[in-house]
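Residue numbers (the UniProt record's numbering): 1 to 147. Have a look at the structure below before the remarks.
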Amino acid sequence: MLSLGKIDHIHICVSDAAQAIAWYQRVLGLNPDPRYRQLQDEPHATTMLANPSGTVRFAVSQEEATSRLPGSIAFVVSGQDFLDWIDRLASERVTSREGVTIARDSVCDHHFFCSISFVDPFGNPFEIVSYDHTWLVGKLKLARTSA
Numbered sequence: 001m002l003s004l005g006k007i008d009h010i011h012i013c014v015s016d017a018a019q020a021i022a023w024y025q026r027v028l029g030l031n032p033d034p035r036y037r038q039l040q041d042e043p044h045a046t047t048m049l050a051n052p053s054g055t056v057r058f059a060v061s062q063e064e065a066t067s068r069l070p071g072s073i074a075f076v077v078s079g080q081d082f083l084d085w086i087d088r089l090a091s092e093r094v095t096s097r098e099g100v101t102i103a104r105d106s107v108c109d110h111h112f113f114c115s116i117s118f119v120d121p122f123g124n125p126f127e128i129v130s131y132d133h134t135w136l137v138g139k140l141k142l143a144r145t146s147a
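Below is the structure:
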């Protein structure tokens, strides 16, 4: 039976990323995780913060207050389960935030993990991620780009 793994991270949208990161460092002891440095250059300039053991992760993105989208909860699964989840979401006609039905070409390649983002019928955002990156790149025939 198809099931979700543990929560991988919680995505938080803020109006001031620098201020938020400083607060999460000072108050919650979460520090930038260097493994996710390349996410800072992606469209939403995300900084991944983690506790020392890596068991708690927040993905912090700065968004304009007028267009701020709610954060999301990301679940981690194996590579095969990732493919099965894409097929399950597609068969249920689940859509992305943009209203596009989820399909295998909806996968985002983050260079060491892959993700698929979607919303429930009420607009609440979710994400499924897999760190079986090399295997998924081959199965999905994702274009290899330089990091």
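Ideal placement from N, C-alpha and C gives every residue a C-beta, glycine not left out. Source: prediction; values computed, not measured.
Since residue i is in the alpha helix (DSSP H), which residue starts that stretch and which ends it?
i: ASN82; result: The residue you asked about is not Asn; residue 82 is Phe in the sequence shown. Note, PHE82: alpha helix (DSSP H), 79 to 91.
i: ALA18; result: 17 to 28
i: HIS111; result: Per DSSP, HIS111 belongs to no alpha helix (DSSP H) and is neither H nor E.
i: VAL137; result: 133 to 140
Any idea which residues DSSP pairs residue i with across the strands?
i: THR101; result: THR95
i: ASN31; result: ALA50
i: SER72; result: HIS11
i: SER130; result: CYS114
Taking the C-alpha atoms as reference points, what is the distance between residue i and residue j?
i: PRO70; j: ARG57; result: 17 Å
i: VAL100; j: ASP120; result: 13 Å
i: PHE113; j: LEU39; result: 11 Å
i: GLY5; j: SER72; result: 16 Å
i: HIS11; j: ALA74; result: 8 Å
i: ASP41; j: SER91; result: 33 Å
i: TYR36; j: ALA17; result: 16 Å
i: THR134; j: ASP33; result: 21 Å
i: HIS9; j: GLY123; result: 19 Å
i: SER96; j: LEU28; result: 31 Å
i: GLY54; j: VAL76; result: 14 Å
i: LEU30; j: ALA20; result: 11 Å
i: LEU136; j: HIS111; result: 11 Å
i: THR142; j: SER115; result: Looking at the sequence itself, residue 142 is Leu, so the reference to Thr does not match. Going by the C-alpha atoms only, they are around 12 Å apart.
i: GLY138; j: GLU98; result: 27 Å
For residue i, count neighbouring Cβ atoms within 10 angstroms of its own Cβ and tell me buried if that reaches 16, exposed if not.
i: GLY79; result: buried
i: SER117; result: buried
i: ILE7; result: exposed
i: LEU2; result: exposed
i: ALA45; result: exposed
Starting from residue i, trace the beta strand (DSSP E) both ways and give me its first and last residue.
i: THR46; result: 46 to 50
i: VAL60; result: 57 to 62
i: PHE122; result: No beta strand (DSSP E) holds PHE122; DSSP gives it neither H nor E.
Report whether the distance from the Cβ of residue i to the nearest heavy atom of the ligand ADP is below 7 Å.
i: HIS11; result: Absent from the structure shown: the ligand ADP. Ligands present: none.
With a threshold of 8 Å, are at least 3 pairs of Cβ atoms found where one atom belongs to the stretch 81 to 96 and the other to the stretch 123 to 131? Yes, since at least three Cβ pairs between the stretch 81 to 96 and the stretch 123 to 131 fall closer than 8 Å, the two stretches touch.
Between the stretch 104 to 112 and the stretch 46 to 60, are three or more C-beta pairs nearer than 8 Å? No: fewer than three Cβ pairs fall under 8 Å.
Looking at C-beta atoms only, is the number of pairs between the stretch 18 to 37 and the stretch 46 to 55 that lie closer than 8 Å three or more? In short, these stretches touch, since the Cβ pair count reaches three.
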